[in-house]
Every structure is written in C-alpha cells, then in structure tokens.
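Residue numbers (this note's numbering), protein chains in the order written: chain W, 1 to 303; chain H, 1 to 303.
Here a beta-carbon is modelled for each residue, glycine too, at the ideal position from N, C-alpha and C.
These numbers come from a predicted model, not from an experiment.
Below is one structure, written out as structure tokens; comments come after it.
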C-alpha cells in the first residue's frame, strides 16, 4: 500500500465538511473556530529506521519531531501556538535518552515560541516512534495559504538552498516560520508548500492541487554546499527531500521584490513560473532543453 | 523508565504558561484561543502488542484510536470537534486492512460528530502504531473540568459499569461524550477523569491532583457482567482499566439527582465521597473495614 494511495482513500471518505475550511491534502488542516481565528493543525510521525537512525542524538530528534509540524504550519502562512508530543519508547532506553529528547523539544519551543501542551508515552517492542501534532492560527486578517492557489503567470520561489540535508541538517533544521509570517504580512502568495519530499515531488503536489503546470529552471535552483557541485548536486537539490524550505508562488512584481530583500534574513530565489496546462512539472536544463521532471523525491512505501 | 516518571520530567520542563490554561497532567490540555472558545486537545498512542493484538479487527482499531481521545475530551466536559490520525504501518499489510481501519474511524466520526481533518502515514519495521489527536472546546460559558477540583464533602460518581473490558468492549467502547455534555449543562462537577488505567489508579490520580482523600465503597461499585461475580469481579472492576467510563465529583444534592436520572441514558452511581486528608484512595469493604486502595490498574512501563 503506497502512502499516496492511502491518502487518496482517506480523502474520499473524509471530505472537507464544516467546520473544516481545509481538510486532507494540504500541509495542515484548517478548522473554523467559534468566535475566534481558525485552528490550523498538522500531525507528523517520525519512526526509527524510516526517518532517523538509532544512533541519532535524541536531543536532535526532540527538536525535529516538533519542527516538522511547525514547518507544515509555516507552509500555510501560520504561526504554531501549541504542540503535543506522543512517544513510543523501546524498553531499556536509558533515562538520559528520554531527558535529551525532552530537552531538544524544549529548545525548539524556545526558538519558535511554541508551547508544549501535552503528550502521551507508551512502550513499544519495535522502533522508537514519535508523533507530534501542532496547532496554530494565521495572523489576524490573513487566510491560510493552501497548495491550490497557484495562478498561471505567477513566479515560483524557494527559500534557502536545497539538497544534502540528509547528511545532518535534516535533524536540526530551522523551520521557516518567521520567513512565512513576513511573507504573508507583505503580500499574498498564491500557493505554498514546505519541501519535505524533495523539490521534484513537492512542486508536483503543488501543481496537481492548483491544476497548473510548473516550469523550473535548473540554472536557478539554489544548490546547497552539502549537496555538492555539478549535475550530481543538482540532482540532490531536486530529489533529496527533508530540506524543509518553502516553495511558493507570487505575482511577478512581488517575486522580484522578495528575491531582492529575502525573508527574515533568509535568501529567496525565483526558480520558475506557473503556466497553464496539464498539471505537472518540467525542468529547463542549462542547455535550454525542457523535459518533464518526474518525482525523484523520497516517498514512503516505495516498492 | 516509567511512564509517570517521564510525565513528571516533561511537566517540570514545560509548565502551563500562557497561552496554556491547563497543561500537562490532565486528560487534555486547554489553550486560550484569540477571540474564541478555548481549544482543548488530547493525543493518544495505540501500539500493537501493547494496546491491541495483531488479530484484532482493524475496523475496531480505527474506532478505538479516535474514541480514546474523544473520551479524554469528554472527561474535561468538552465536545470533540476535529481529529487527526497518524498511522505507522507494517510493510505487507493488505490494502483492505487499511480500508477497514479507515472505515472504523469513519464510524466513530459518524457516531460522535467528530470530523477527521488530516493525518500522516508512514512505514514501520515494528508493530502497527496509531496516534490520534483530537481538538474540541467546552460548551459556551462552561469552563473545562480538570482533575484538580474535587472538594471535601462532594460525592464521587461513576458512569456505566466497570471491569472485564479487556475481553472485547475496550476496542469498541462508546466514548461518554453526550453524558459529559449533559452533566456540565446541568451542574458543575468538581473534578472529572475518564477511567483508562482502572478505577484504583484513576481515582488516585484525581485525589492527587485535587489534594484530597477519596473513599470508595466496595458494595457500591457497579461491576459489569463481563467482570464476573463476587470478589474476583470486584477486583476486575477496580483494576482492569480500559473501561472509558467517567469518574467525577459532585455536591451531594446534585449527586443524588444524577444517580436518579442517569446521564444521556447511561446509569450513574454514587461510589464514594471526597474527604480531607493526605491524598490517596481508601476502600470500604462489605464487612465495613476500610483499607488503602493501591493502584492495581494497568500502567505502561511496569517493571
């Protein structure tokens, strides 16, 4: 059973009925809340052996468990307010392992302003499993930004640099919350997603939800130093995943302005444009040839 | 590492600061929400081998995964609005297993009015692990009911009947949401908790949080038919856990009225009283002798 197939099944059975303003299929769900701002919520699992290694530092795992959900809310243009963390622990884990996990969660809270509201702990005979759920809301007067609002004629932008994250940065990445909040304070993005599966996969999600074609330019992709140089570096920037940068669309004038200014101290780069056409992603190579860009990103349940 | 020890560690590091109205240590956390009703949130893990058997019906597991969190919100006097469900699946699970899991979650939603807002799916090399998180709010003008408000002189009541749940009822139990909402609409409970660990353990949690002594009367405990008869039945009613009934305290006049009327069609029984004294629980046996009642309930990480 593939992950996308399961999500399709669940999405058919659970449409976005009231009080859901946005349901399954975006970075986070949006719930209309009586009298107040909408509640935006995202949940994420981290499983030992699938998302991290047994030898990874528990302090980094505590950070990452909450950071992935904060990143999901940032991709909606929202601030994370409170989180809960559920942990299934192998018998025999030393007490200081658990203390380090908690300390890492605390560091992420200190950095982002999140408060840890609760959790659950239990025992497992299998791999350590962490499940974070984070709640937040959009700034006053701002609607959450979905994956479905990209409009032909807009530019496609990305924050930071991509690729090579799995060498270490993926554990202790800074969620782009302040960047997203500055963005929605200054303008109105068409669509936004955070890069967890990889640019080639996540651009495709955004194109599919918006019903548009996205054209990326190889020469404009910001390749991180960790990804290496040349074609190998580009491939990693397109496919590695776990960058947790923001991919978003803006009207061309806004796009040029954001590229000049950056967001909250983080560089922002125009990497392509939104076109009419059958949903999908194409890549313009340095030699000017254009080809379909297939998802090479990480997908759970790959057969 | 014991579960209660971990919770103590986390509670020390994460006190209930703003916007938390209630943090770690209750059935659910309560978050002050700008302009609206508070957001009440609870998260729960179910791990194969710890909380259910590989042979258990996936439809029942889908129900239970959400029902345990709805029950937590009910224990705060709150209605569950929206939930998210994260599932770590073993490779090779058949597609219809997953479809049945989703169908069971759908049945719980249909019964309780919960909407499923989102989720996450991933692969695990270990036991199937389900993590549900449910959000809700108290009725207008009602404060969430904590574990900490029991007052000497109040009566202690329990809904339904106890014991023997692990024979099957624990999977497909009806969360006592309507009962809890009728209760808070009619009066103001001192304290409330849902019986997940077992009466002997959960009464102790309530006594500890409220700083009171609770005296239970063996002859008044409603023992379920599934628990069996006589002393063995009583022991199971006190210790089995997973009953997911409500334990709450009321002023004596209200208590007598609720015992006469029941709540939303569910019987309610006065089983004891709140006393001043060192926090803990005592049991008055049928012969009139009183003895300390130690937690015999299910605790994860028992050594």
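Quiz item: Around the Cβ of residue 48 of chain H, are there at least 16 other Cβ atoms within 10 angstroms (buried) or fewer (exposed)?
Solution: That one is buried.
Practice problem: On a CA-only basis, which of H:183, H:54, H:292, H:185 is nearest residue 213 of chain H? Give me that one, please. | Solution: A check of alpha carbon separations from residue 213 of chain H across H:183, H:54, H:292, H:185 identifies H:292 as the nearest.
Quiz item: Is residue 136 of chain W buried or exposed, if buried means 16 or more other CB atoms sit within 10 Å of its CB?
Solution: It counts as buried.
Quiz item: Since residue 116 of chain H sits in a beta bridge, which residues does DSSP pair it with?
Solution: DSSP, once it has assigned bridges, lists H:83 as partnering residue 116 of chain H.
Quiz prompt | Within 7 Å of chain H by C-beta, residues of the segment 45 to 67 of chain W in sequence order | solution = Flagged, chain order: 45, 47, 49, 50.
Quiz item: Taking any Cβ of chain H, which residues in the segment 183 to 207 of chain W have a Cβ under 7 Å from it, in chain order?
Solution: Cβ contacts with chain H come from no residue of the segment 183 to 207 of chain W.
Quiz prompt | Close Cβ partners of residue 280 of chain W (< 7 Å) along its chain, the five nearest in sequence each way excluded | solution = Contacts found: 204, 207, 213, 292.
Quiz item: Is residue 102 of chain H helix, strand or coil by DSSP?
Solution: Correct three-state label for residue 102 of chain H: helix.
Quiz item: Alpha carbon to alpha carbon, what distance is there between residue 258 of chain H and residue 17 of chain W?
Solution: Roughly 36 Å between the two C-alpha positions.
Quiz item: What did DSSP end up calling residue 217 of chain W once you bin it into helix, strand or coil?
Solution: Strand at residue 217 of chain W.
Quiz item: Thinking C-alpha only, which one of W:38, W:32, W:269, W:7 is nearest residue 24 of chain W?
Solution: The shortest C-alpha separation from residue 24 of chain W is found at W:7.
Quiz prompt | Short CB-CB distance (under 9 Å) between residue 123 of chain H and chain W | solution = For residue 123 of chain H, the answer is yes, since a Cβ of chain W falls inside 9 Å of its Cβ.
Quiz item: According to DSSP, is residue 300 of chain H helix, strand or coil?
Solution: With a pLDDT of only 42 at residue 300 of chain H, under 50, the local geometry of the prediction cannot be trusted, and the value read off the model is given with reservation. Coil, per DSSP.
Quiz item: Less than 9 Å separating the beta-carbons of residue 21 of chain W and residue 10 of chain H?
Solution: Taking the C-beta atoms as reference points, residue 10 of chain H is found no nearer than 9 Å to residue 21 of chain W.
Quiz item: Does the Cβ of residue 294 of chain W have 16 or more other Cβ atoms within 10 Å, making it buried, or fewer, making it exposed?
Solution: So residue 294 of chain W counts as exposed.
Quiz item: Near residue 200 of chain W, which residues of its chain fall below 6 Å by C-beta distance, leaving aside the five closest residues on each side in sequence?
Solution: Excluding sequence neighbours, residue 200 of chain W sits near 238, 239, 293, 295, 296, 297.
Quiz item: Counting contacts by CB-CB distance shorter than 9 Å, is residue 244 of chain H in contact with chain W?
Solution: No, because no Cβ of chain W sits closer than 9 Å to the Cβ of residue 244 of chain H.
Exercise. Enumerate, from N- to C-terminal direction, the unbroken beta strand (DSSP E) stretches of 3 or more residues contained entirely within the segment 9 to 41 of chain W.
Key: Here the runs fully enclosed are 20 to 22, 29 to 31.
Exercise. In the DSSP assignment, find the alpha helix (DSSP H) that holds residue 234 of chain W and state where it starts and stops.
Key: That run of the alpha helix (DSSP H) goes 230 to 239.
Quiz item: Distance, Cα to Cα, residue 228 of chain H vs residue 263 of chain H?
Solution: In this structure, the alpha-carbon of residue 228 of chain H lies about 25 Å from that of residue 263 of chain H.
Self-check item: Length of the line joining the Cα atoms of residue 159 of chain H and residue 174 of chain H
Solution: Straight through space, the alpha carbons of residue 174 of chain H and residue 159 of chain H are spaced by roughly 12 Å.
Quiz item: Residues of chain H with a CB under 7 Å from the CB of residue 99 of chain W: which are they?
Solution: Result: 9.
Quiz item: Would you call the CB atoms of residue 114 of chain W and residue 129 of chain H closer than 9 Å?
Solution: It is not a contact, given that the beta carbons lie outside the stated cut-off.
Self-check item: chain H residues whose Cβ lies nearer than 8 Å to that of residue 137 of chain W
Solution: Within chain H, the residues near residue 137 of chain W are 33, 34.
Quiz item: Which partner residues of residue 124 of chain W appear in the DSSP bridge assignment?
Solution: Residue pairing by DSSP puts residue 124 of chain W in a beta bridge opposite W:90.
Quiz item: At a Cβ cut of 8 Å, what residues of the segment 111 to 122 of chain H count as close to chain W, listed as they run along the chain?
Solution: Answer set for the segment 111 to 122 of chain H: 115, 116, 117, 118, 119, 120, 121, 122.
Quiz item: Where does residue 292 of chain H fall in DSSP's three states?
Solution: Note: residue 292 of chain H maps to strand in three-state DSSP.
Quiz prompt | Contacting residues, own chain, Cβ-Cβ under 8 Å from residue 154 of chain W (five flanking each side not counted) | solution = Here residue 154 of chain W has 190, 249, 250, 251, 252, 255, 273, 274 as same chain residues with Cβ atoms under 8 Å from its own Cβ, once five neighbours each way along the sequence are excluded.
Quiz item: Quick one: any contact between the segment 120 to 129 of chain H and the segment 137 to 157 of chain H, if contact means 3 or more CB pairs under 8 Å?
Solution: By the Cβ criterion, the segment 120 to 129 of chain H is not in contact with the segment 137 to 157 of chain H, since fewer than three pairs of Cβ atoms, one from each stretch, lie closer than 8 Å.
Quiz item: Since residue 223 of chain W contacts residue 161 of chain W with CB under 8 Å, what's their CB separation in whole angstroms?
Solution: Rounded, the Cβ-Cβ distance is 6 Å, consistent with contact.
Quiz item: Could you give the C-beta distance for residue 105 of chain W and residue 63 of chain W, rounded to a whole number, given that I count them as a contact under 8 Å?
Solution: In this structure residue 105 of chain W touches residue 63 of chain W by the C-beta definition: roughly 7 Å separates them, less than 8 Å.
Practice problem: Out of W:65, W:42, W:58, point me to the one whose CA is closest to residue 94 of chain W's CA. | Solution: Minimum Cα distance to residue 94 of chain W is reached at W:58.
Quiz item: Which ranges does the alpha helix (DSSP H) cover as unbroken runs of at least 4 residues, wholly within the segment 172 to 200 of chain W, from first to last along the chain?
Solution: Counting whole runs of 4 or more residues, the segment 172 to 200 of chain W contains the alpha helix (DSSP H) stretches 177 to 186.
Quiz item: Rounded to a whole number of angstroms, what is the C-alpha to C-alpha distance between residue 271 of chain W and residue 100 of chain H?
Solution: Answer to the nearest angstrom: the Cα atoms are 43 Å apart.
Quiz item: By the 10 Å Cβ neighbour count, where 16 or more other Cβ atoms means buried, how is residue 289 of chain H classified, buried or exposed?
Solution: Result: exposed.
Quiz item: Going straight from the alpha carbon of residue 302 of chain W to that of residue 52 of chain H, what length do you get?
Solution: Low local confidence applies: a pLDDT of 36 at residue 302 of chain W is under 50, so the model's placement there is unreliable, and no value is given.
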